[in-house]
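Residue numbers (the working numbering): 125 to 454.
Virtual Cβ for every residue (Gly too), placed ideally from N, Cα, C.
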Amino acid sequence: QRMDYVTFQPFSSYVPALEDIRRTRNGKLLPHWRAMSDLATILMKWIGLTLLILGIYALTSIDTSFTYKNMAVLLATLFQSFVLLYLLYWKWHRFDISLDAVVKFFAAGFLFSTSSAFIIEMLVSLGVSFVTAIIGFFAVIIEVGFGSLDDSRNSKEVIKTLIQDNIWLGVVFALLNAFIVASLTEELCKYFGFWMVDHPDVMAEDTSIGNATNAVTRSSNADQEDDKEFAIGGDDDDDDDVIGSPGEQRGDLAQRSLNSKGIAVTIAMVCASVGFACCENLKYVFSSEDIGTEVGTLIARSIFPVHALAAAIQSIGVCRRDLEGDASHQ
């Protein structure tokens, strides 16, 4: 049977609680918290414990480079990510994907995507630098071979001339660094963070637990055939209190199933990207010891959530591949 990889907790032990929240349309936070798996609970406890230790450390003034002001900046950096998740997930789509899944995908982006991107970017950057150096070497050989350099000039003038004549090489290096080292690597690593989490909310149809029609909201008990409607999202009688996708609010079972699953995939990928962005923001914010620079960096990186937008766009292809069977997005 399917289970969480870290705690080895079977899906069947916590999925019924997640399904019950969808069935009853319970929008309160406490039931969502109690329905989380062991892994998600452990992750939340570790986050709380880490923040507590850092807060105490900052108040003790042992390290003058990390005071209560720096701690406030750290909390503000986390708060920026949590506000984004609140708007995208909790406010509008809390029944399309579970809090358990949000915690796990965020953690995967924060831990796995960031660490893998750091290593891969370092290796790819070395490769790009090597390729650029080789191209520059041959450019100099060609320039020397055609006699475009004046041998009477000193070495500084020769180097200056080489730089001026080969500005295009710097442009090539900048483009490779931006689109290969940074963009391509980071987007692949964010997708890797999404792919690393095996969660029943976004599993494929053929790996579902039980017999629910919707692959996102499936029951873990194969004997409860008459609970299929529950797993999809609740009764039509609750339209006045519905919080979810437009398909759910219309009460159209087929459309609701497709929309809810697509929303779950999109939010899961965005959660992984927000986790990645949160860790990246912490790295850039605390690269300086000046509190003003830290705040300015945080504000600048919070204005436009590029990583979340890129993940949402990327999820379109994933939904077309997994939901619509579009072979062009394999």
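Exposed or buried, residue i, counting other C-beta atoms within 10 Å across all chains shown (16 or more means buried)?
i, result
"residue 210", "exposed"
"residue 385", "buried"
"residue 158", "exposed"
"residue 326", "buried"
"residue 145", "buried"
"residue 152", "exposed"
"residue 347", "Because the pLDDT at residue 347 is just 35, under 50, the model does not fix this residue reliably, and the point stays unresolved."
"residue 428", "exposed"
"residue 415", "exposed"
"residue 207", "exposed"
"residue 309", "buried"
"residue 172", "exposed"
"residue 254", "exposed"
"residue 303", "exposed"
Using DSSP with H/G/I as helix, E/B as strand and the rest coil, what is residue i?
i, result
"residue 457", "Residue 457 is absent from the structure shown; the chain starts at 125 and stops at 454."
"residue 320", "helix"
"residue 168", "helix"
"residue 127", "strand"
"residue 242", "helix"
"residue 184", "helix"
"residue 429", "coil"
"residue 216", "coil"
"residue 436", "helix"
"residue 310", "helix"
"residue 174", "helix"
"residue 205", "helix"
"residue 447", "coil"
"residue 193", "helix"
"residue 326", "coil"
"residue 400", "helix"
"residue 393", "helix"
"residue 144", "helix"
"residue 152", "coil"
"residue 413", "coil"
"residue 290", "coil"
"residue 221", "coil"
"residue 161", "coil"
Can you grab the Cα-Cα spacing for the pair residue i / residue j, in whole Å?
i, j, result
"residue 181", "residue 391", "35 Å"
"residue 243", "residue 237", "10 Å"
"residue 118", "residue 204", "Outside the displayed span of the chain (125 to 454) sits residue 118, for which this structure offers no information."
"residue 202", "residue 319", "23 Å"
"residue 179", "residue 288", "52 Å"
"residue 389", "residue 442", "8 Å"
"residue 436", "residue 186", "42 Å"
"residue 402", "residue 307", "17 Å"
"residue 311", "residue 434", "8 Å"
"residue 130", "residue 170", "14 Å"
"residue 140", "residue 400", "30 Å"
"residue 226", "residue 301", "32 Å"
"residue 155", "residue 430", "32 Å"
"residue 452", "residue 137", "37 Å"
"residue 166", "residue 432", "25 Å"
"residue 235", "residue 266", "47 Å"
"residue 149", "residue 387", "17 Å"
Grab me the residues of residue i's own chain with a C-beta within less than 6 Å of its C-beta, minus the 5 sequence neighbours each way, in chain order.
i, result
"residue 378", "Here the model assigns residue 378 a pLDDT of 31, short of 50, so the residue's position is not dependable, and the following value carries that caveat. Counting only Cβ-Cβ distances below 6 Å, and skipping sequence neighbours, we find nothing."
"residue 450", "444"
"residue 420", "none"
"residue 222", "142 and 325"
"residue 247", "none"
"residue 405", "201 and 425"
Excluding five sequence neighbours on each side, which residues of the same chain lie with their C-beta closer than 8 Å to the C-beta of residue i?
i, result
"residue 418", "194, 197, 409, 410 and 412"
"residue 133", "127, 161, 162 and 163"
"residue 393", "229, 314, 315, 318, 435, 436, 438, 439 and 442"
"residue 364", "With a pLDDT of 40 at residue 364, under the threshold of 50, the predicted position of this residue should be treated as unreliable, though the coordinate-derived value follows. Hits under 8 Å: none found."
"residue 422", "197, 200, 201, 204, 405 and 409"
For residue i, collect the residues of the same chain with a Cβ closer than 7 Å to its Cβ; drop the 5 residues on either side in sequence, then sort them by chain order.
i, result
"residue 315", "438"
"residue 240", "313 and 316"
"residue 192", "182 and 183"
Please confirm if residue i has its CB atom under 9 Å from at least one CB of chain B.
i, result
"residue 260", "Absent from the structure: chain B. Only one protein chain is present."
### Query
Looking at C-beta atoms only, is the number of pairs between the region 292-305 and the region 230-239 that lie closer than 8 Å three or more?
no
#### Entry: the region 197-216 / the region 252-268 touching (three or more Cβ pairs under 8 Å)
By the criterion of at least three beta-carbon pairs nearer than 8 Å, the region 197-216 is not in contact with the region 252-268.
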